[in-house]
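Peer 1: Pasting a structure below so you can have a look.
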Amino acid sequence: MSSSQPPPPIHNVLLTIPRTASHLLTQLLNLPAQLSIIRSPNRKDGYLFLSVAAQRFRNKLTERPASQWTEEEKQGLQDAFQTGFDDWVALIEEAERQGKGTYVKEHVHWLVDPVAEERLLEGVDATEAEKHVFKLYMPFPNDSPIAESNNLDNITTLPTPFFSHLSPTFIIRHPALTFPSCLRTTIDIEGLPIALSSPRTQAWECTYSWTLSLYNFYAHHPSFPRATRVKGVTYPIVIDAADLVDEGLVRVYAKAVGFDEECVRFEWGAAGEEEVGRLGAAERRMKSSILGSRGVESGKLGLEHFHSFIREISQHITKISIVYEAKSSS
């Protein structure tokens, strides 16, 4: 390759679970200023499988294994998976036409094949028929077919060959921070009774089993790309949210994934009322920390944030206990 030729574009995927500070990472990277990528049309820089999550919550599928779903529920989810995948393929195709890359953020559990999920959460192996319920097929750019080659190592609905076009980053955060934060968000949005009656949903959302399985799948597959733009840094990349306070590390990461490290920012203006008003209630709550911030707040990335949650949940329990005791004595 001639030294004058630009390197091929990178199609990055940031894989997360809730409350891992992924919004903070994308804010630091300053994606609107990164000219090496095109952004997804929904302006969410990912979440292409949001409709999958919406269907699962709306139909309470997060509290039931796939073997207990109706055929209509299965087909609805299959269609949502296919739509999200089609949008992702279209985004990459458009980026390739422009000679650019992409940076897509997705929650890992939104991508997980419900059949694989049942195997991991309930310990139940699927029948041969059930293993083929959630499969996605689509010709990829340059007309190379995406074959039906998913296997047990690939826990997602995405066809295995699709991963050869992706360069993944996994962002993680201590479970003592992610789980309380996720539970607190659920309490704020849906109320404490819902939060306490949804143990399978919490296991689905908060486990690192999906992250670890997908990391091992990618790391052990010899045909997936490894090279980044920084010598000594290879895919798959793992970032701990606690390290986002390290400006040098964030700049190295930005360069590694093909970004202009000079565009990285560590301070910004808080979101205005108009921007906040455009968000739905759930999204506004999920992004409340980043919307109200003006930069990295290191205190919110550490374990000291856990103790404030303990005090908060104790207050909730105290209030409910007062009502409970009043009812039981009447």
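Residue numbers (this note's numbering): 2 to 331.
Cβ atoms here follow ideal geometry from the backbone N, Cα and C, with glycine treated the same way.
All values derive from a computational prediction rather than experimental measurement.
1) Of all the beta strand (DSSP E) runs that stay within the bounds of the region 150-229, which reach a length of 3 or more residues?
2) Give the C-beta separation of Thr103 and Ser52 to the nearest angstrom, bearing in mind that I take them to be a contact with Cβ-Cβ under 8 Å.
3) Which term fits Leu15, buried or exposed, when burial requires 16 or more other beta carbons within 10 angstroms of its beta carbon?
4) In chain order, what are the residue ranges of uninterrupted beta strand (DSSP E) at least 3 long that sit wholly in the region 229-261?
5) Going by DSSP, what residue range makes up the alpha helix (DSSP H) through Thr27?
6) How would you label His221, buried or exposed, when you count the other beta carbons within 10 angstroms and need 16 or more for buried?
7) Thinking Leu26 and Asp46 are a contact (beta carbons under 8 Å), I'd like their distance in whole angstroms, please.
8) At the level of alpha carbons, what is the spacing between Ile39 and Ala204?
9) In or out: Ile11 buried (at least 16 other Cβ within 10 Å) or exposed?
10) Starting from Thr71, follow the alpha helix (DSSP H) in both directions and report where the run begins and ends.
11) Compare the C-alpha of Ser68 against each of Tyr236, Cys207, Val134 and name the closest.
12) For Ser145, I'd like the list of residues in its chain whose CB is within less than 7 Å of its CB, leaving aside the five on either flank, ordered along the chain.
13) Excluding the five sequence neighbours on either side, which residues of its own chain have a C-beta within less than 6 Å of the C-beta of Gln56, listed in chain order?
14) So, are the CB atoms of Ile156 and Val125 less than 8 Å apart?
15) Taking Glu107 as part of the beta strand (DSSP E), name the residues at either end of that continuous run.
16) Rounded to whole angstroms, how far is the Cβ of Glu262 from the Cβ of Ala255, which I believe are closer than 8 Å?
17) With which residues is Ile38 paired in a DSSP beta bridge?
18) Following the continuous alpha helix (DSSP H) through Val116, name the residue where it begins and the one where it ends.
19) Would you say Thr21 and Ile195 are within 8 Å of each other, going by their C-beta atoms?
20) Please list, in chain order, all residues of the same chain as Phe260 whose beta carbon is under 7 Å from its beta carbon, the five residues on each side excluded.
21) Does DSSP classify Tyr138 as helix, strand or coil?
22) Tell me Val14's beta-bridge partners as DSSP assigns them.
23) Just mark Asn13 as buried or exposed, buried being the case when its beta carbon has 16 or more other beta carbons within 10 Å.
24) Could you name the residues of the same chain whose beta carbon sits closer than 7 Å to that of Leu137, not counting the 5 residues immediately before and after it, in chain order?
25) Does the count of Cβ pairs from the region 86-99 and the region 113-122 closer than 8 Å reach three?
26) Whole angstroms is fine: what's the gap from Leu334's alpha carbon to Ala243's?
27) What is the rounded straight-line gap between the Cα of Gly233 and the Cα of Val253?
28) Is Ile291 helix, strand or coil when you go by DSSP?
29) To the nearest angstrom, how far is the alpha carbon of Asn365 from that of Phe180?
30) For Leu167, collect the residues of the same chain with a Cβ closer than 6 Å to its Cβ; drop the 5 residues on either side in sequence, then sort them by chain order.
31) Any idea what DSSP makes of Arg286, helix, strand or coil?
Peer 2: Quick look at the numbers:
1) Listed in chain order, they are 168-173.
2) The residue labelled residue 103 in the question sits at position 102 within the sequence shown. The residue labelled residue 52 in the question sits at position 51 within the sequence shown. Going by Cβ atoms, the distance from Thr103 to Ser52 rounds to 19 Å, so no, they are not a contact pair.
3) Position 14 of the sequence shown, counted from the start, is the residue given in the question as residue 15. Buried is the call here.
4) Correct list: 238-241.
5) Along the sequence shown, one-based indexing puts residue 27 at 26. First-last of the alpha helix (DSSP H) with Thr27: 23-30.
6) The count along the sequence shown starts at 1 and reaches residue 221 at position 220. Under this definition His221 is an exposed residue.
7) Numbered from its first residue, the sequence shown carries residue 26 at position 25. Numbered from its first residue, the sequence shown carries residue 46 at position 45. Contact between Leu26 and Asp46 does not hold, since their C-beta atoms are separated by about 10 Å, which reaches or exceeds 8 Å.
8) Your numbering for residue 39 matches position 38 in the sequence shown. Your numbering for residue 204 matches position 203 in the sequence shown. One C-alpha to the other measures close to 34 Å.
9) Reading the sequence shown from its first residue, position 10 is the one you call residue 11. It is buried - the Cβ of Ile11 has at least 16 other Cβ atoms within 10 Å.
10) Residue numbering aside, residue 71 sits at position 70 when the sequence shown is read from its first letter. Per DSSP, Thr71 is not a residue of any alpha helix (DSSP H), being assigned neither H nor E.
11) On the sequence shown, residue 68 is found 67 positions in, with the first residue counted as 1. The shortest Cα separation from Ser68 among Tyr236, Cys207, Val134 belongs to Val134.
12) As a position in the sequence shown, residue 145 is number 144, starting the count at 1. Only weak support is given to the placement of Ser145: the predicted model assigns it a pLDDT of 44, under 50, and the value that follows is read from those uncertain coordinates. For Ser145, where only same-chain residues beyond five positions count, there are no Cβ hits under 7 Å.
13) In the sequence shown, counting from the first residue as 1, residue 56 sits at position 55. Within the same chain, Gln56 has close Cβ partners Gly77, Leu78, Ala81.
14) Taking the sequence shown and counting its residues from 1, the one referred to as residue 156 is at position 155. Taking the sequence shown and counting its residues from 1, the one referred to as residue 125 is at position 124. The answer is no: Cβ separation not under 8 Å.
15) Sequence index remark: in the sequence shown, residue 107 carries index 106 (1-based). Bounds of the beta strand (DSSP E) holding Glu107 are 103-108.
16) On the sequence shown, residue 262 is found 261 positions in, with the first residue counted as 1. On the sequence shown, residue 255 is found 254 positions in, with the first residue counted as 1. Right, the Cβ-Cβ distance comes to about 5 Å (below 8 Å), so this counts as a contact.
17) Position 37 of the sequence shown holds residue 38. Per DSSP, Gly102.
18) Here residue 116 refers to the residue found at position 115 when the sequence shown is read from its first residue. Counting along the chain, Val116 sits inside the alpha helix (DSSP H) bounded by residues 115-122.
19) Against the sequence shown, residue 21 aligns to sequence position 20. Against the sequence shown, residue 195 aligns to sequence position 194. If you check the CB distance, Thr21 and Ile195 do not come in under 8 Å.
20) Position 259 of the sequence shown, counted from the first residue, corresponds to residue 260. Result list for Phe260: Leu30, Gln35, Ser37, in chain order.
21) Position 137 of the sequence shown, counting from 1, holds the residue named residue 138. Tyr138 sits in coil when the DSSP states are folded into three classes, being neither helix nor strand.
22) By one-based count along the sequence shown, residue 14 stands at place 13. As computed with DSSP, Val14 is found in a beta bridge with Val105, Pro169.
23) The sequence position of residue 13 within the sequence shown is 12, counting from 1. Asn13 comes out buried.
24) Within the sequence shown, the letter at position 136 stands for residue 137. Closer than 7 Å at the Cβ level, and outside the excluded window around Leu137, lie Phe82, Gln83, Phe86, Thr158, Leu159, Pro160.
25) Contact between the region 86-99 and the region 113-122 is absent, because fewer than three Cβ pairs lie under 8 Å.
26) Given a span of 2 to 331 for the chain in the structure shown, any question on residue 334 remains unanswerable.
27) Stepping through the sequence shown from its first residue, residue 233 is reached at position 232. Stepping through the sequence shown from its first residue, residue 253 is reached at position 252. For Gly233 and Val253, the distance between alpha carbons rounds to 11 Å.
28) Counting from 1 along the sequence shown, the entry for residue 291 is found at position 290. Note that Ile291 has pLDDT 49, beneath the 50 cutoff, so the model's placement of it is unreliable and no number is given.
29) With the chain running from 2 to 331 in the structure shown, residue 365 is simply not present.
30) Along the sequence shown, read from residue 1 onward, the residue named residue 167 stands at position 166. Excluding residues up to 5 positions away in sequence, His12, Val14 lie with their Cβ nearer than 6 Å to the Cβ of Leu167 in the same chain.
31) Here the question's residue 286 lines up with position 285 in the sequence shown. In this prediction, Arg286 has a pLDDT of 47, which is less than 50 and means its spatial position is unreliable; what the coordinates show is noted afterwards. Arg286: helix per DSSP, three-state reduction.
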